[in-house]
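Structure record follows, encoded as structure tokens.
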Amino acid sequence: MKRRRLEEIFFKVLMIASLVIILAILASIIGVIAYKGAASLSLEMLVQTPKGGYYLGGKGGIANAIVGSLYLAIGATVLSLLFALPLAFALQREYVNRSIARFTRLTLDVLWGMPSIVYGAFGFVVMVYMGLNASLLGGIIALTLLMLPIMTRAMEEVISMIPLELKEVSYAVGATRIETTFAVVLRQALPGIATAVMLAFGRGIGDAASLLFTAGYTDYIPHSLFDPSASLPLAVFFQIGTPIPEVQNRAYASALVLLVIVLMVSLGARLLSSRFSRNILK
Amino acid sequence: MPHISLRDISVFYGRHQALKNISVDIPDGQITVIIGPSGCGKTTILKSINRLVDLNEEIRVAGQVLIDGADIYDPKADVFELRKKVGFLSQRPFPLPMSIYDNVAFGPRIHRMKGEQMLRRLFNLEKKIALGNFQLTDAEVSVRRKKNKELNILVEYCLRLAGLWNEVKDRLHSPASRLSIGQQQRLALARALAIEPEVILADEPTSALDPLSAQLIERQFQLLKKDYTIVVVTHILRQAKRIADYVIFLYLGELVEHGPASQFFTAPSDSRTRAYISGEIS
Amino acid sequence: MRWRRTRDLLTGKSMLLAVVAANLLTFLIAFGLYLKSRPILAQKSISHLLFSSSWHPLEGKFGFYPFIVGTIEVTVIAMVLAVPVCLLSAIYLAEYSRSRLREMLRLVIDVMAGIPSVIYGLFGVIVLVPLVRQLGQFMGETTTGYSLLTGGIILAIMVSPIIISVSTEVLRAVPLSARETALALGATKWETVKHAVVKSALHGIISAIVLGFARAFGETIAVLMVVGNVARVPHSLFEPAYPLPALIANNYGEMMSVPLYDSALMLAALILLVVVGGFSLVAHLVLLRVERR
């Protein structure tokens, strides 16, 4: 019996140690980025674009990346939403039978796990086909492809939890499927839908690999969909390897800004979902 | 001609036959109560009258249900118009995720109704009793009509007919989910009445309610039966004895016996009926 | 009033169309990449491409072998490092912790899952690379710190959230009866977990690991920043490696100027799609089966 007890204690210690390791790593990641980034943050850093070339020019800031990322992520979010919402609705029992829905969910799950560089490569293929150069539009297309499965699947999770009895109430008065979907399903699932959008946004704004081929990089803030666009992840990626310390600082600052945005979106989505789920469903 | 006629109706859940060749006419202007032990197909029979069974892809229906002489299972039939003729109350009231006003107005809005028929009906009812000592002269009505939208009048009258108006008149636009369960069930009644049905179906409408609310619902049914055909499913024998004008007894999916209430409870012909009424089988 | 019925029929049809289109998307992506890979597939045999070690695009030599091996090695290292830690954490979360703690840690894991890969890469460059360099010196190997090991470590960190969260869910899904049976026979909590719970959840746990593997296999940016990017098969943990995703990411700039280079890179992307997609698919299918039970 003693041996069994010891074994239990031994493993318990290991388990707690594992958790502590993970927490410590997370803390150090956030800590290191915050430390290095904070040292480089300043108002100029946030509002100016790089002067003298983003790789070698020491002056200026990362406004090109911040604005670029926001354009890219917001553009892709809107475009994704346009396709994801109808698709998520379409997976309800009233519209498609169970096997089709299951198959589609499987497809979406597999697409969710696809490396983003594949989306970048495919985006590139599409761009070549359409005659596009590396641009804001190209980046938005690639990001949309990345975000679509995530947004759809997350929305669909929430939508499928709406009880049939509630929808029956609407059907019983003679509502059509689309009327029920808008009047009942959309309303009831709205917080979950908002969370799904934020989740996808967070994923999209942090992605670098899909943008490599498609969005290009530039010192300037894009003025049209066809201009190339800088982005925060690529700002880190391209500027960290430079020998010039001021440029490296820009990389650290970009990393911190990116981290802050992602954390805010992540936590915000969590808070939203817990706050609203009390309200609507019984 | 009776409003509702079931002709040889059978319902299959996959391989299991839930309803076996049921043929019966439901009399107009009376409260018909369907009784029988749980799981005997009572809910199924109700849901086959307004084709709510369509929502379940595993259900197959054979036979005919005639409403005003037309078979509702005819592939060319318009299901949405059908459901407008048949109001439905489920066992647990599910308020739609909107205000009290919008809940009642939901049906009329999607059907683009004008409320004319409702007003005409009210003049034929014994208004005083049905509307709870609330009476308007013709002149008052036309003044109201000019001042308010017809929808407002419709909502008010339906809430009065459901016995809920006095409790909610000051908060019509607050969320319906804040009502107590007894109020929610009466709201469901108002919602059903708002589409101006000819028939009201109720599936164990009081089983989730406290005795006071249950009594209110029963009373409203008594008042409404003059103008609507009401079909109530219940497993509470005493309730059946209280409110029934006509009784249908279902046992294990079969129609065992049916007849006027006076006859049914005093001199049932089938042994199973006798056993059920005396409490031997429940 | 028939128009409502017509509208309902139309809506039904368009919803079906949307679903079919969504399912075609995967095939569209694979097909697009395949089309772009055709030129190089026409010129070189698939076995030459996959198994030759010679990578000199300017001379028309496209042997993917070092990259494939590099990817596999870095992924395996990541799994070896991550799986024990993640499984132990998952078991603790599922079986031992109280629900408040579990919710908090869930939040932490979610946050970790959301951190962009470039940030992990940056962390790797700032902290891990010097660390590995020191470690190498300590063990008598000279290394710049940009190595297979560093890549493995950063990948291990990155796949931990998914392995932990899926494993925790799978463990929690094991029915109470399995635990009760073991406890009733006098087993300690740990023994119950070891013999009853984990055994029941084994399929799900393996799926979690496979999902982690798939994630690590395709991860691009973080690995690329720390792994050295030298196109040779590494012979020790401290030597640099060059995984397939990194290859694609590093060379997209030159690919248009060298003949067949773009086609080669698209082929690399296609290989990634097939491998990662395949593993993901199998893992999800198993998880579906587990859920059903």
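Residue numbers (our numbering), protein chains in the order written: chain V, 285 to 566; chain Z, 21 to 302; chain H, 28 to 320.
Heads up, the beta-carbon is just placed ideally off N, CA and C, and yes, glycines get one too.
Keep in mind that this is a model prediction, so the values were computed, not measured.
| Asked | Found |
| --- | --- |
| Specify whether the segment 245-254 of chain Z and the segment 548-560 of chain V touch according to this definition: at least 3 beta carbon pairs, one from each stretch, less than 8 Å apart. | no |
| Residues of chain H with CB closer than 9 Å to the CB of Gly359 of chain V, please, in chain order. | Near Gly359 of chain V there are no residues of chain H at all, since even the closest Cβ is about 18 Å away, more than 9 Å. |
| Could one say the Cβ of Arg199 of chain H lies closer than 8 Å to chain Z's Cβ atoms, at least one of them? | no |
| Shortest alpha-carbon distance to Ile263 of chain Z belongs to which of Z:Ile54, Z:Ile87, Z:Gln111, Z:Leu272? | Z:Ile54 |
| Taking the continuous beta strand (DSSP E) assigned at His36 of chain Z, which residues delimit it? | 36-46 |
| Give the residues of chain H in contact with Phe497 of chain V, contact being defined as C-beta atoms less than 8 Å apart. | Tyr279 |
| Rounded to whole angstroms, how far is the Cβ of Thr53 of chain H from the Cβ of Phe244 of chain H, which I believe are closer than 8 Å? | Not quite, the Cβ-Cβ distance comes to about 17 Å (not below 8 Å), so this is no contact. |
| Does any residue of chain H bring its CB to less than 8 Å from the CB of Phe126 of chain Z? | no |
| How many whole angstroms separate the CB atoms of Leu207 of chain Z and Asn123 of chain Z, which I take to be in contact at a CB cut-off of 8 Å? | 6 Å |
| Using Cβ-Cβ distances below 8 Å, what residues of the segment 98-117 of chain Z are close to chain H? | Asp98, Val99, Phe100, Glu101 |
| Is there contact here, the segment 64-72 of chain Z with the segment 209-229 of chain Z, by at least three beta-carbon pairs under 8 Å? | yes |
| I'd like to know whether the C-beta atoms of Val468 of chain V and Leu199 of chain Z end up nearer to each other than 8 Å. | no |
| Measure from the alpha carbon of Arg191 of chain Z to the alpha carbon of each residue in Z:Ile120, Z:Leu270, Z:Ala210, then state which is nearest. | Z:Ile120 |
| Cα-Cα, which of H:His75, H:Ile67, H:Leu175, H:Arg34 is closest to Ile104 of chain H? | H:Leu175 |
| Just to confirm the assignment, what range does the beta strand (DSSP E) spanning Gln84 of chain Z have? | 79-87 |
| Should Val520 of chain V be counted as a contact of the ligand ZN given a C-beta to heavy atom distance under 7 Å? | Absent from the structure shown: the ligand ZN. Ligands present: none. |
| Checking the sheet assignment: what are the DSSP bridge partners for Pro399 of chain V? | Answer is none; Pro399 of chain V lacks a bridge partner. |
| Go to Pro280 of chain Z, then tell me how far its beta strand (DSSP E) extends in each direction, as first and last residue. | 274-280 |
| For chain Z, is any of its Cβ atoms less than 8 Å away from the one on Ser383 of chain V? | no |
| Decide if the segment 78-92 of chain Z is in contact with the segment 166-185 of chain Z; the criterion is three or more beta carbon pairs, one per stretch, under 8 Å apart. | no |
| For Arg32 of chain H, decide whether its Cβ has a neighbour in chain Z, counting only Cβ atoms nearer than 8 Å. | yes |
| Determine, using beta carbons only, whether Thr502 of chain V comes closer than 8 Å to chain H. | no |
| Quick one: give me the first and last residue of the alpha helix (DSSP H) that Val285 of chain H is part of. | Premise fails: Val285 of chain H is in no alpha helix (DSSP H) and is neither H nor E. |
| Relative to the C-alpha of Gly273 of chain Z, which candidate in Z:Gly61, Z:Ile46, Z:Tyr93 has its C-alpha closest? | Z:Gly61 |
| Out of Z:Thr52, Z:Ser227, Z:Val267, state which residue places its alpha-carbon closest to the alpha-carbon of Ala241 of chain Z. | Correcting the residue type first, residue 241 of chain Z is Phe in the shown sequence and not Ala. With distances taken between Cα atoms, Phe241 of chain Z lies closest to Z:Thr52. |
| Taking just the CA atoms, how far does Gly183 of chain Z sit from Ser194 of chain Z? | 18 Å |
| Can you give me the Cβ contacts of Ser353 of chain V inside the same chain, cut-off strictly under 7 Å, excluding the 5 residues immediately before and after it? | Ile489, Ser515, Leu516 |
| Closer than 7 Å between beta carbons: that is the criterion. Which residues of the segment 56-84 of chain Z meet it against chain V? | Asn70, Leu72, Leu75, Glu77 |
| For Val541 of chain V and Lys286 of chain V, what's the separation of their Cα atoms in angstroms? | 53 Å |
| Within the 8 Å Cβ cut-off, does Ile309 of chain V reach chain H? | yes |
| Straight-line CA distance for Gly279 of chain Z to Val267 of chain Z? | 6 Å |
| Are the CB atoms of Ala268 of chain H and Val253 of chain H nearer to each other than 8 Å? | no |
| For Pro195 of chain Z, which three-state DSSP category applies? | strand |
| Using a Cβ-Cβ cut-off of 7 Å (strictly less than) and excluding sequence neighbours within five positions of Leu432 of chain V, which residues of its own chain qualify? | Ser364, Phe367, Ala368 |
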